[in-house]
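Residue numbers (the UniProt record's numbering): 1 to 187. Below is one structure, written out as structure tokens; the observations come after it.
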């Protein structure tokens, strides 16, 4: 008899335990979501740069990044050490953007680089074959080297011999520009 009485009692405890657990989890995640909108949690989501500017200028994030009230805010935040001028510009009268490296605002506000291109110094370049930006921005290939696949002098031993043979005026056996013999059609 004891077995029959304990079985219905355990069935009656499963539903309240399930409801209590569900209610607890629901309240736990709701409380976290409500608290996440609070300003104390807001700073945790920002980068170190933004946090440093937050403490430096005081106030909220929007006050120093937004240039809707003060146009000179962007020029005072991030200076280029080589040229002494600001890398940030006030785009659309409300947001500061880095025009030297942002692929969506390259060189001027709203100018996006095409697919496969990167923004280097305010110009859209292809890092796989640009001699002045080979593989990354500012990586220059030495004179005579070619940038291919983002590497300087990649497979260049073939192209050097190829160029030498092509430019050699003594190589007159062939009239083909690459030095290959012309096929004889009348054999």
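Positions of the beta carbon are idealized from the N, C-alpha and C atoms, including for glycine.
| task | Go through its chain and collect everything with a Cβ distance to residue 153's Cβ below 6 angstroms, but skip five positions before and after it. | result | In the chain shown, residue 153 corresponds to position 153, counting from 1. Only 145 meet the Cβ criterion.
| Contact set for residue 141: own chain, Cβ-Cβ below 6 angstroms, skip 5 residues either direction | As a position in the chain shown, residue 141 is number 141, starting the count at 1. Counting only Cβ-Cβ distances below 6 angstroms, and skipping sequence neighbours, we find 131, 134, 147 and 152.
| message | Out of 116, 98, 24 and 121, which one is the CA nearest neighbour of residue 110? | response | Looking up residue 110 in the chain shown gives position 110. Nearest option by C-alpha distance: 98.
| task | Indicate the three-state DSSP secondary structure (helix, strand or coil) for residue 113 in the structure shown. | result | The count along the chain shown starts at 1 and reaches residue 113 at position 113. Residue 113: coil per DSSP, three-state reduction.
| task | State the Cα-Cα distance for the pair residue 14 and residue 21, rounded to the nearest angstrom. | result | Residue 14 sits at position 14 when you count from the first residue of the chain shown. Residue 21 sits at position 21 when you count from the first residue of the chain shown. If you take the alpha carbons of residue 14 and residue 21, they lie about 11 angstroms apart.
| For residue 88, the three-state DSSP class (helix, strand or coil) | Within the chain shown, the letter at position 88 stands for residue 88. Note: residue 88 maps to strand in three-state DSSP.
| request: Use the C-beta contact count for residue 136: other C-beta atoms within 10 angstroms, 16 or more gives buried, fewer gives exposed. | output: In the chain shown, counting from the first residue as 1, residue 136 sits at position 136. Residue 136 should be labelled exposed.
| field | Closest by C-alpha distance to residue 96, when choosing among 23, 67, 27 and 12 | value | Locating residue 96 in the chain shown gives position 96, counting from the first residue. Ranking the options by Cα distance to residue 96, first place goes to 67.
| field | Rounded separation between residue 105 and residue 27 - CA only | value | For the purposes of this step, residue 105 is taken as residue 105 along the chain shown, with counting starting at 1. For the purposes of this step, residue 27 is taken as residue 27 along the chain shown, with counting starting at 1. Their Cα atoms are separated by approximately 43 angstroms.
| request: For residue 147, name the three-state secondary structure that DSSP assigns. | output: In the chain shown, residue 147 corresponds to position 147, counting from 1. Reduced to three states, the DSSP call for residue 147 is strand.
| request: For residue 88, count neighbouring C-beta atoms within 10 Å of its own C-beta (all shown protein chains included) and say buried if the count is 16 or more, exposed if not. | output: Working through the chain shown from its first residue, we reach residue 88 at position 88. By the neighbour-count rule (16 or more Cβ atoms within 10 Å), residue 88 is buried.
| query | For residue 103 versus residue 113, is the C-beta spacing smaller than 8 angstroms? | reply | Locating residue 103 in the chain shown gives position 103, where the first residue counts as 1. Locating residue 113 in the chain shown gives position 113, where the first residue counts as 1. Contact flag set, yes.
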